[in-house]
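Number of protein chains: 2
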Amino acid sequence: MAKLSIVGIGPGNYENMTVKADRALRESDVIVGYTVYVDLVKEQFSGKEFLTTPMTREADRCRMAIEKAREGKNVAMVCSGDSGIYGMAALIYEIRGESAEPAIEVVPGLTAACSGGAVLGAPLTHDFAVISLSDRLTDWNKIEMRLDNAAKADLSMAIYNPKSKGRPDHLKKACDILLRTLPGDRICGVVHNIGREGEKAVTMTLEELRTYDADMFCTVFIGNSMTTVIGGKMVTPRGYRDV
Amino acid sequence: MAKLSIVGIGPGNYENMTVKADRALRESDVIVGYTVYVDLVKEQFSGKEFLTTPMTREADRCRMAIEKAREGKNVAMVCSGDSGIYGMAALIYEIRGESAEPAIEVVPGLTAACSGGAVLGAPLTHDFAVISLSDRLTDWNKIEMRLDNAAKADLSMAIYNPKSKGRPDHLKKACDILLRTLPGDRICGVVHNIGREGEKAVTMTLEELRTYDADMFCTVFIGNSMTTVIGGKMVTPRGYRDV
């Protein structure tokens, strides 16, 4: 029986893929995805049929994957990071609807909160929020409201899609929202190119983050009131030392 | 050069471990951890030295791991889920302090937000918060405040440690906080024993969750205002269908 696996490949390097994701890609006949993510796995899984669609054609991509699986092919749809968190799994379920065909398997992967956090140190040891600054599908007012509430709740944060060509000022605007509640010296961090060439982690204050030159391959971390820097690493204690 | 790897092993089954975590355990001389987590890897990585401490001796465990690495052993400290998110990486950095010895490598793993989400469907496709209901190291008032803010921000939530012997009422109390803001029919889900024997996912309303018999091997998911059930799966759309 053919199935459709929605596979989170993690940040992009083979090492940060799970054993299960590796198997799902190996067992697939067809690998479908956004061009950039398919390119990340093309070499490791050569000999497959590869189908790609550009960035803004998510629903087309999912329909194509479902159709291929209904034709009897084992299809793996690749997502960067996790297959659920800002990934394609929900859209696949939406488009398949109440039909039982094709069978669907969601294969989780390392989201940038995990993989980027490990590069920076341990910024998310306590409760945290994950918020995307992309307003392509979400009202900016809602994003602002979420940032504001997360700051008031003393949650650490992983901020996805901090900047892109069409959103050059989003990170600065987000910092301005956070600075209503958080002090300017709040510890923050940025990880560039997680698990890829040019991987780099930088710690800084929230005030410095406001004008930091991030790009679309960055994940941003905001500390909570306990976050500190130890040996160059961004560390949020949970409180174990005090017990 | 000996090093200390803090390894997130994911939910517990080998398949959901990353290639890098597998390698770190293979290359280690000593595997250190909480008894239950060490038991999860003992069979797959037999022939190593295993050192365990009980649940509430986290700082002892970290000191033991650092000491072993300073003696020249390659040490892998295992954490369930991710090594950073509620894991031991921060405490290792705290205890090592500004010393450069031993070298530390944080190996990320699938946190339950990813691995449990995949079992339920795709509950965290949009912005979300991760909140633990354990008040062992965190004031209950702070946990309540975070739940309240997350609900007001229309964030989906992954709730860790929903219940234990010492905290039989925490999930009910948490639902009561959420019900101040969220409707009783808000879609929720519970995953039992992610990646282990007895894995099971159940969807329900927030009102039903309030009296649900969860245990300490559960992860709870709270939907946002868009979350729905499709073909038995908990699905939070991102909005791709509408573009």
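Order-wise, the sequence lines are chains A and B.
Mapping the first sequence onto our numbering, position 155 (from 1) lands on 155, and the numbers just tick up by one.
So the number in our numbering is just where the residue sits in the second sequence, counting from 1, plus 1000.
The beta-carbon is built from N, C-alpha and C at its ideal position, and this holds for glycine as well.
If we ignore side chains and look at the alpha-carbon of each, how far apart do glutamate 1067/B and threonine 1138/B end up?
So the alpha carbons of these two residues sit roughly 29 angstroms apart.
Measure from the alpha carbon of leucine 179/A to the alpha carbon of each residue in Gly198/A, Arg210/A, Pro162/A and Asn161/A, then state which is nearest.
Comparing Cα positions, the closest option is Arg210/A.
Listing by chain order, which chain A residues have their CB less than 8 angstroms from the CB of phenylalanine 1050/B?
Going along chain A, no residue has its Cβ under 8 angstroms from phenylalanine 1050/B, so there is no contact; the nearest lies around 21 angstroms.
Which residue's Cα is closest to the Cα of methionine 145/A: Gly1184/B, Asp1154/B and Ala1118/B?
Among Gly1184/B, Asp1154/B and Ala1118/B, the Cα nearest to that of methionine 145/A is on Asp1154/B.
Of all the beta strand (DSSP E) runs that stay within the bounds of the segment 1098-1140 of chain B, which reach a length of 3 or more residues?
Within the segment 1098-1140 of chain B, the complete beta strand (DSSP E) runs of at least 3 residues are 1103-1107 and 1128-1132.
Flag this pair as yes or no: are the beta carbons of isoleucine 1194/B and glycine 1116/B separated by less than 7 angstroms?
The answer is yes: Cβ separation under 7 angstroms.
Excluding five sequence neighbours on each side, which residues of the same chain lie with their C-beta closer than 8 angstroms to the C-beta of valine 7/A?
Correct list, in chain order: Ala21, Ala24, Leu25, Ala76, Met77, Val78, Cys79, Ser83, Val107 and Gly109.
With distances taken from CA atoms, which of Met1088/B, Gly1012/B and Cys1188/B is nearest glycine 1223/B?
Closest by alpha carbon: Cys1188/B.
For serine 1225/B, tell me which candidate among Ser1099/B, Leu1182/B and Ser1134/B has the shortest Cα-Cα distance.
Of Ser1099/B, Leu1182/B and Ser1134/B, the residue nearest in Cα terms is Leu1182/B.
By DSSP, does alanine 1002/B sit in helix, in strand, or in coil?
If DSSP states are grouped into helix, strand and coil, alanine 1002/B belongs with coil.
Can you list, in chain order, the residues of the segment 1121-1137 of chain B whose Cβ is nearer than 9 angstroms to any Cβ on chain A?
Those residues of the segment 1121-1137 of chain B that come within reach of chain A (Cβ to Cβ, closer than 9 angstroms) are Gly1121, Ala1122, Pro1123, Leu1124, Thr1125, His1126, Asp1127, Phe1128, Ala1129, Val1130, Ile1131, Ser1132, Arg1136 and Leu1137.
Quick one: is isoleucine 1031/B near chain A, going by C-beta distance under 7 angstroms?
Chain A contact via Cβ: absent.
Does tyrosine 240/A get closer than 7 angstroms to chain B when you measure Cβ to Cβ?
Tyrosine 240/A counts as touching chain B.
Pick from Glu1049/B, Ala1174/B, Pro1102/B and Tyr1160/B: whose alpha carbon is nearest that of histidine 1192/B?
Nearest C-alpha to histidine 1192/B: Tyr1160/B.
On the CB-based measure, 16 or more other CB atoms within 10 Å of its CB, does methionine 1036/B come out buried or exposed?
As written in the sequence, residue 1036/B is valine, which differs from the methionine given in the question. So valine 1036/B counts as exposed.
At what residues does the beta strand (DSSP E) containing alanine 1214/B begin and finish?
Run containing alanine 1214/B: none; DSSP gives neither H nor E here.
Determine the chain A residues that contact threonine 1053/B at a beta-carbon separation under 8 angstroms, and present them in chain order.
Near threonine 1053/B there are no residues of chain A at all, since even the closest Cβ is about 12 angstroms away, more than 8 angstroms.
Going along the chain, which residues of the segment 1220-1241 of chain B sit with their C-beta nearer than 8 angstroms to a C-beta in chain E?
Included in the structure are the protein chains A and B, with no chain E among them.
Determine the contact status of valine 190/A and valine 202/A, defining contact as a CB-CB distance below 7 angstroms.
In this structure, valine 202/A lies closer than 7 angstroms to valine 190/A by Cβ.
What is the DSSP secondary structure of lysine 233/A, reduced to helix, strand or coil?
Strand at lysine 233/A.
Check whether the segment 89-106 of chain A and the segment 1084-1098 of chain B are in contact - that is, three or more C-beta pairs closer than 8 angstroms.
Too few Cβ pairs lie closer than 8 angstroms, so no.
Does the distance from the C-beta atom of glycine 1059/B to that of proline 1102/B stay below 7 angstroms?
In the sequence on display, residue 1059/B carries alanine and not glycine. Contact: no.
Using a Cβ-Cβ cutoff of 7 angstroms, what residues of the segment 162-193 of chain A are near chain B? List them in chain order.
Listed in sequence order: no entries.
Quick check on the burial criterion: 16 or more other C-beta atoms within 10 angstroms. Buried or exposed for proline 1162/B?
That one is buried.
Indicate whether at least one CB of chain B lies closer than 7 angstroms to the CB of tyrosine 37/A.
Not one chain B Cβ lies under 7 angstroms of tyrosine 37/A.
Can you tell which of Phe1128/B, Arg1196/B, Leu1171/B and Arg1136/B has the C-alpha that lies nearest to the C-alpha of alanine 1158/B?
Minimum Cα distance to alanine 1158/B is reached at Phe1128/B.
Would you call glycine 10/A buried or exposed, if buried means 16 or more other Cβ atoms sit within 10 Å of its Cβ?
Under this definition glycine 10/A is a buried residue.
Do threonine 18/A and asparagine 1013/B have their C-beta atoms within less than 7 angstroms of each other?
Taking 7 angstroms as the Cβ cut-off, threonine 18/A and asparagine 1013/B do not qualify as a contacting pair.
On the criterion of 16 or more Cβ atoms from any shown chain inside 10 Å, does arginine 196/A qualify as buried, or is it exposed?
By the neighbour-count rule (16 or more Cβ atoms within 10 Å), arginine 196/A is not buried but exposed.
Can you tell me which of the three DSSP states alanine 285/A falls into?
Look at the range of chain A in this structure, 1 to 243, and you will see that residue 285/A is not part of it.
Just to confirm the assignment, what range does the alpha helix (DSSP H) spanning alanine 1024/B have?
Per DSSP, alanine 1024/B belongs to the alpha helix (DSSP H) from 1019-1026.
Beta-carbon within less than 6 angstroms of phenylalanine 1045/B's beta-carbon, same chain only, minus the 5 sequence neighbours each way: which residues are those?
Counting only Cβ-Cβ distances below 6 angstroms, and skipping sequence neighbours, we find Leu1025.
For methionine 145/A, which residues in chain B fall below 9 angstroms Cβ to Cβ?
The contacting residues are Lys1152, Ala1153 and Asp1154.
Please list, in chain order, the chain A residues whose beta carbon lies closer than 7 angstroms to that of methionine 1077/B.
Those do not exist, as methionine 1077/B stays about 12 angstroms from chain A at its closest Cβ, beyond 7 angstroms.
In this structure, how does DSSP classify leucine 91/A when only helix, strand and coil are distinguished?
Leucine 91/A: helix per DSSP, three-state reduction.
Work out the CA separation of glycine 87/A and arginine 136/A for me, nearest whole Å.
Distance between the alpha carbons of arginine 136/A and glycine 87/A: 15 angstroms.
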